[in-house]
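To keep things clear, I will list the structure first and then write my remarks on it.
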Amino acid sequence: MTDADPSPAGAILLTPDGSRTAVSARYGEAYGSRHGAAAQARHVFVEGSGTHAHPTPRVLEVGFGLGVNFRATLAECARRGAPLEYVAYEFDPAPVDLLREVAEGGEGSEHSAWEELLAGWGGPAPLTVRVPGLSLTVRCEDIRTAQLPREWATALYLDGFSPARNPEVWTPEVVGRLASALAPGGVLTTYSAAGHVRRALTGAGLEVERRPGPPGKREHLRAVRR
Ligand SMILES: C[S@@+](CC[C@H](N)C(=O)[O-])C[C@H]1O[C@@H](n2cnc3c(N)ncnc32)[C@H](O)[C@@H]1O
Numbered sequence: 480m481t482d483a484d485p486s487p488a489g490a491i492l493l494t495p496d497g498s499r500t501a502v503s504a505r506y507g508e509a510y511g512s513r514h515g516a517a518a519q520a521r522h523v524f525v526e527g528s529g530t531h532a533h534p535t536p537r538v539l540e541v542g543f544g545l546g547v548n549f550r551a552t553l554a555e556c557a558r559r560g561a562p563l564e565y566v567a568y569e570f571d572p573a574p575v576d577l578l579r580e581v582a583e584g585g586e587g588s589e590h591s592a593w594e595e596l597l598a599g600w601g602g603p604a605p606l607t608v609r610v611p612g613l614s615l616t617v618r619c620e621d622i623r624t625a626q627l628p629r630e631w632a633t634a635l636y637l638d639g640f641s642p643a644r645n646p647e648v649w650t651p652e653v654v655g656r657l658a659s660a661l662a663p664g665g666v667l668t669t670y671s672a673a674g675h676v677r678r679a680l681t682g683a684g685l686e687v688e689r690r691p692g693p694p695g696k697r698e699h700l701r702a703v704r705r
C-alpha cells in the first residue's frame, strides 16, 4: 500500500507490526503500508499469491522498492525449504542505506541472500544473487519497456506506488504485458482494489477476485491466469 504521507521524503516510519517502511523522495508516498509493512507483504503478496504454499515459486515483482516483499518471500521459502526464483524490476533504486535501515532486525534480514544483495546493490546491473535455494535478479528497467519472461511466473507482485501518483504501471497495456508473464495457474496480486485496476486485469483475460485486505485496508485484488 502506498498512502500519501505527510512525513518528509526519506523519513523512516515504524509501523504497528514493528516493521519499518520509508517515504519515497521521488513520489512522496510510503513504499509500504503505514498500517503494517510486513503484514501487507505477507498477506497481500506472499499469501495472496499462494507463494507460501507453492513447492517451487517463481516470483516476478514490479517494483523492488525497499525489498520488503522480497524479504517476506525469502523468509517464508527458507522456513519450509522451498526453492525460490525471484525476478524484480525497479527503475529507481533506493539508496542502499535505506534498504539496510528499513530491514534491520526484520524477517529475512539475517539471510545470506539479503547480505549479498546489500553488498551488490548499486553495482553492475542486473543485480544477481545466487545462494542455495535462491536465485534473485533485480533488473533496473522501466516495466513499460522491459522485456518480460513469457508464461514464467507462478506469482506476480504488482506493487507500484498508488495509481494516482504512479499511473503508468497500472495501465491496461502494462497489465496486459504482465498477464503474459504469468504461467498458467499463476496469480497476480496487488494491494489495490481500484475499479480501473480490476477492469484492466479482467481485460487482460485474468479471473479477478476481491480478497479481504491487510490491516488498514478493506480489500485487495488477486487475479488468476486460468
Ligand atoms: C510501492 S514501491 C514498491 C515497494 C516494494 N515492493 C517493497 O517491498 O519494498 C513502488 C516501486 O515501484 C517502482 N516503480 C515505479 N514505476 C516503475 C516503472 N515504470 N518501472 C519500474 N519500477 C517502477 C518505484 O521506483 C518504487 O520503488
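Residues in the sequence shown are numbered from 480 upward in steps of one, following the numbering used here. Here a beta-carbon is modelled for each residue, glycine too, at the ideal position from N, C-alpha and C. None of the values given here were measured: they were computed from a predicted structure.
Three-state class that DSSP yields for residue i in the structure shown
i	result
T624	coil
L563	strand
E555	helix
H533	coil
G527	coil
T681	helix
S498	coil
E569	coil
R689	strand
M480	Residue placement at M480 is poorly supported in this model, since its pLDDT is 43, which falls under 50; the coordinates still yield a value, given next. Reduced to three states, the DSSP call for M480 is coil.
S641	coil
A520	helix
R505	coil
L664	The residue you asked about is not Leu; residue 664 is Gly in the sequence shown. Strand.
Test item: CB-CB of residue i and residue j under 8 angstroms
i	j	result
A561	A520	no
S659	H699	no
V566	R618	yes
L539	A632	yes
T681	L637	no
L667	A625	no
G585	S486	no
A488	V502	yes
L545	C556	no
Neighbourhood of residue i by C-beta, 6 angstroms cutoff - its chain only, sequence neighbours within 5 removed
i	result
V547	G511, A516 and A520
V608	A592, E595, L596 and L615
L606	G599 and V617
Residues of its chain near residue i, where Cβ-Cβ distance is below 8 angstroms and the 5 sequence neighbours each way are ignored
i	result
R579	L597
Chain-order list of residues whose beta-carbon lies under 7 angstroms from that of residue i (same chain, five-residue window excluded)
i	result
V676	P642, W649, T669 and L700
V687	R677, L680, T681, L700 and A702
Residue i at chain D interface by Cβ criterion, 8 angstroms
i	result
L685	The structure shown contains no chain D; it is built from a single protein chain.
- [ ] Taking 8 angstroms as the threshold, find out whether the region 639-647 comes into contact with the region 522-534 through three or more Cβ pairs.
- [x] no
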